[in-house]
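*Asks:*
Number of protein chains: 2
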Amino acid sequence: MGKPTVHDIAEEAGVSLATVDRVLNERPGVRSMTARRVHNAIDKLGYVRDVHAANLARGRHYRFSFVLPEGESQFLRALREAIEEAGAGLRLDRAELQTIEVPLNDSVAMIRALETLQAQQIDGLAIMANETPVVRDMIAHMKESGIAVVTLVSDQPNAERDHFVGIDNIAAGRTAGVLMGRFVGGRSGKIIVVVNTTHARDMVQRRLGFDAVMREQFPMLNALPSLEGHDELERTAQVIERALGSHEDVVGIYCAGAGTRGVTKIIAEHDLADKLIVIGHELTAHSEQALRDGLLDVVITQNVGHLVRSATRVLRAKCDGREIIESQERIRIEIVLRENLP
Amino acid sequence: MGKPTVHDIAEEAGVSLATVDRVLNERPGVRSMTARRVHNAIDKLGYVRDVHAANLARGRHYRFSFVLPEGESQFLRALREAIEEAGAGLRLDRAELQTIEVPLNDSVAMIRALETLQAQQIDGLAIMANETPVVRDMIAHMKESGIAVVTLVSDQPNAERDHFVGIDNIAAGRTAGVLMGRFVGGRSGKIIVVVNTTHARDMVQRRLGFDAVMREQFPMLNALPSLEGHDELERTAQVIERALGSHEDVVGIYCAGAGTRGVTKIIAEHDLADKLIVIGHELTAHSEQALRDGLLDVVITQNVGHLVRSATRVLRAKCDGREIIESQERIRIEIVLRENLP
DNA sequence: CTAATTCTGATTGACGTACCTCAGAGAGCC
DNA sequence: GGCTCTCTGAGGTACGTCAATCAGAATTAG
């Protein structure tokens, strides 16, 4: 009395194996009456198709591509590593991961990359990109040709993606705000906010959440206008240094995007670790060390391993026409202090 | 040119399929010379055995049992639910999960339960229990009869378990300590510490970590001796109420174990939400609501879903004689505020 | 050098599913 | 009645592996 198989279904429904197969795989040539009989049998016996045996039989293997922005930020590096690692593990599971890098804000390159993937007949796409009409249209194209699409890290709510894999960035900003307010401990003063660019959706949302909390819960704190670091260490360090020079009563720095290295550089150089509360995003080798050294007080992060695994799980489910388990795919906003470093 | 199969290995090594099979499954009847040739071929082609096909062929299915303490704490309830949920998903993966509940501190019941499982020839055991000689010996027994064993939530470092699935409770205590210190914001005063029992290993460790941080970083705070709530709402509430009565300058409550409901009851009744910093453990339906209501400031938690999935992954790997990926099995200490609730 | 023993090859049938072909049943049309 | 048509059944092959058998080859012992 193991799990029911197609044979059991055939017997229960009083039809042949071939017919059950036709129903299961939605092949033509079955009267709706007969199909209903088969479905009833499936429900009655609680049959679930053995996905592994099925994949074995059809010699299927999934090809998923990750499209990421080009760049050497620590986060991207960690993400690429996670993709590689997950890919190694997934080879056993008949799935193959591939990473494509596209220069930020280069529409032509993006179109070319996605068209190539489409031509390659990949099965699924996980894309991390800024929200532009070009990307939105390409996603629609991909979907039309039967490719499952998820957006990664930064959502594209107006595109017809199947799912978004990433954190709620407004909540992430709120979390940063609360921790900032609590950690400064009742003092009043100014907060420097650094982003890599004010054009990215995730940055905007984090800022939004941060400001909301400041307004609601910590009116004695004044979050200054966003400084742009453009993903460059020196530039980030410079803008912060200038801001520190022109404001006397800075009590904290919130680094909402990449650029943590620029922040920690200034903190270390000016020996500000004990004076300022510094909150950054994304746990990487560097930010981990900065936490240990006390240059950063808090890191808000999303687990890149979870991101990648969730993306592949979702893509796979979509390919198989299965439903996903929402609760399992929700990416948590993790708070990391020196004390709970993994 | 897909992945190499046993056929490719046979050809490469110049032996028959049967011989390859004998080598792969370590069956007798192969000269070491021949076996070496096969191994070389495996290395050369980078062959990895298709676990799903293998399981399909041998009709294997894994039977794992979770042994948990009896009780109606919110955490246990969540854990049981997670096991059930994971079990449903794993049916597709030829694994079957079963939960057994054993009264806390009842050696006879524990022995009986484990002996039954042993007789049932289960493949793996995940056990959450207090550290006693009885449990230690039974674990050794189970291991001898070829059952994989992991300890869950609370470790048994002296038992011959294959692995521990859970958080580092010292670090968890430290994390609670730092957040307590930071959140009270420079004030000095006393901290009430509540545990369910001072006999459980995880409680002891959390207290240890908490005290260490208090001593090192927040000397102006005085953590009072542990109060025992014994997992009972009323009793927990009572001891806290009494403590609040006999100390004037309490600034925070750290609830290191189950019993959050007792704490929040007192907080709500005495309207202390704004006066005290309250930190608890384990995110459950109740503690989640308490966070939303502001009755709790922080919850330190471990994701029960991760716990269960990690346990099954590890058990499975051990059954197959595979190595586990350490980094993937490390359970994170999660910090949850109202702002980053999942 | 033969006999006993150990190793190896060839072959077959599972496991649960997909996919294909071929034949036949039944219905509807002229 | 003969003709399409659509639906269904029967059966086979394949996927990658395990497990078992049997026969024959190679090795070792006597």
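Here the protein sequences line up with chains A and B, keeping their order. Anchor point for the first sequence: position 284 equals 276 in the working numbering, and the numbering is continuous, going up by one each time. Anchor point for the second sequence: position 182 equals 174 in the working numbering, and the numbering is continuous, going up by one each time. Using N, Cα and C, we set each Cβ at its ideal position, and we do this for glycine too. Only a predicted model underlies this, so the values are computations on that prediction, with no experimental measurement involved.
(1) Would you say the beta carbon of Pro61 of chain A comes nearer than 6 Å to a heavy atom of the ligand NAP?
(2) Indicate whether at least one CB of chain B lies closer than 7 Å to the CB of Phe56 of chain A.
(3) Pull up the DSSP beta-bridge partners for Thr293 of chain B, would you.
(4) For Leu144 of chain A, does the three-state DSSP call read helix, strand or coil?
(5) Please classify Pro149 of chain B: is it buried, with 16 or more other beta-carbons within 10 angstroms of its beta-carbon, or exposed?
(6) Measuring CA to CA, which of A:Leu268, A:Arg52, A:Leu275 and A:Gln281 is closest to Arg174 of chain A?
(7) Give, in chain order, every unbroken run of the alpha helix (DSSP H) that is at least 4 residues long and sits entirely within the stretch 170 to 244 of chain A.
(8) Looking only at C-alpha atoms, which of A:Leu84, A:Gly81 and A:Glu76 sits nearest to Ile92 of chain A?
(9) Which of the three DSSP states is assigned to Ser319 of chain B in this structure?
(10) Please go through the stretch 3 to 60 of chain B and give each complete beta strand (DSSP E) segment of 3 or more residues, from N-terminal end onward.
(11) Short of 8 Å Cβ to Cβ, which residues in the stretch 22 to 46 of chain A face chain B?
(12) Flag Pro334 of chain A as yes if its beta-carbon sits less than 7 Å from any beta-carbon of chain B, otherwise no.
(13) Just to check my reading of the structure: Arg55 of chain A and Asp115 of chain A have Cβ atoms closer than 8 Å, yes? What is that Cβ distance to the nearest angstrom?
(14) Quick one, are the C-beta atoms of Phe67 of chain A and Ala235 of chain A less than 7 Å apart?
(15) Per DSSP, Val306 of chain A is paired with what?
(16) Please report how far the alpha carbon of Asp35 of chain A lies from the alpha carbon of Val7 of chain A, in whole angstroms.
(17) At least one CB of chain B closer than 7 Å to the CB of Thr342 of chain A: is that the case?
(18) Can you tell me whether Ile258 of chain B is helix, strand or coil according to DSSP?
(19) By how many angstroms is the C-alpha of Asn161 of chain B removed from the C-alpha of Thr293 of chain B?
(20) Quick one: which chain A residues come within Cβ less than 8 Å of Arg174 of chain B?
(21) Given this structure, state the Cα-to-Cα distance separating Val300 of chain B from Val185 of chain B, to the nearest angstrom.
(22) 7 Å is my cut-off, CB to CB: does Ala163 of chain A come that close to chain B?
(23) State whether the stretch 153 to 169 of chain A contacts the stretch 196 to 205 of chain A, with contact taken as three or more CB pairs (one from each stretch) at a distance under 8 Å.
(24) Is Val291 of chain A near Ser279 of chain A, with beta carbons less than 7 Å apart?
(25) Thinking just about the alpha-carbon of each residue, which of A:Gly(-6), A:Ala5 and A:Met130 is nearest to the one in Asn32 of chain A?
(26) Can the beta-carbon of Val306 of chain A be found closer than 7 Å to that of His155 of chain A?
(27) DSSP state of Thr91 of chain B, grouped into three classes?
(28) Answer yes or no: does any C-beta atom of chain B fall closer than 7 Å to that of Arg207 of chain A?
(29) At 3 residues or longer, what runs of the beta strand (DSSP E) sit wholly inside the stretch 78 to 135 of chain A?
(30) Do you know whose CA, among B:Gly158, B:Ala229 and B:Val43, lies nearest Glu318 of chain B's CA?
(31) Can you look up Gly165 of chain A in the DSSP assignment and give me helix, strand or coil?
(32) At least one CB of chain B closer than 7 Å to the CB of Ile1 of chain A: is that the case?
(33) With a threshold of 7 Å between beta carbons, is Leu84 of chain B in contact with chain A?
(34) Residues of chain B with CB closer than 8 Å to the CB of Leu200 of chain A, please, in chain order.
(35) Are the C-beta atoms of Leu236 of chain B and some chain A residue less than 7 Å apart?
(36) Starting from Ser279 of chain B, trace the alpha helix (DSSP H) both ways and give me its first and last residue.
*Replies:* In short:
(1) As for the ligand NAP, it is missing from this structure, which has no ligand bound.
(2) no
(3) B:Glu326
(4) strand
(5) exposed
(6) A:Leu268
(7) 193 to 209 and 225 to 238
(8) A:Glu76
(9) helix
(10) none
(11) Val40, Asp42, Val43, His44 and Ala45
(12) yes
(13) 5 Å
(14) no
(15) Note: Val306 of chain A sits in no beta bridge, so no partner.
(16) 16 Å
(17) Only positions -7 to 334 of chain A appear in the structure, and residue 342 of chain A is not among them; the question remains open.
(18) helix
(19) 10 Å
(20) Arg174, Phe175 and Gly177
(21) 29 Å
(22) yes
(23) yes
(24) yes
(25) A:Ala5
(26) yes
(27) strand
(28) no
(29) 87 to 94 and 116 to 119
(30) B:Gly158
(31) helix
(32) no
(33) yes
(34) Neighbours of Leu200 of chain A on chain B: none; closest Cβ ~13 Å, over 8 Å.
(35) no
(36) Ala277 to Asp285
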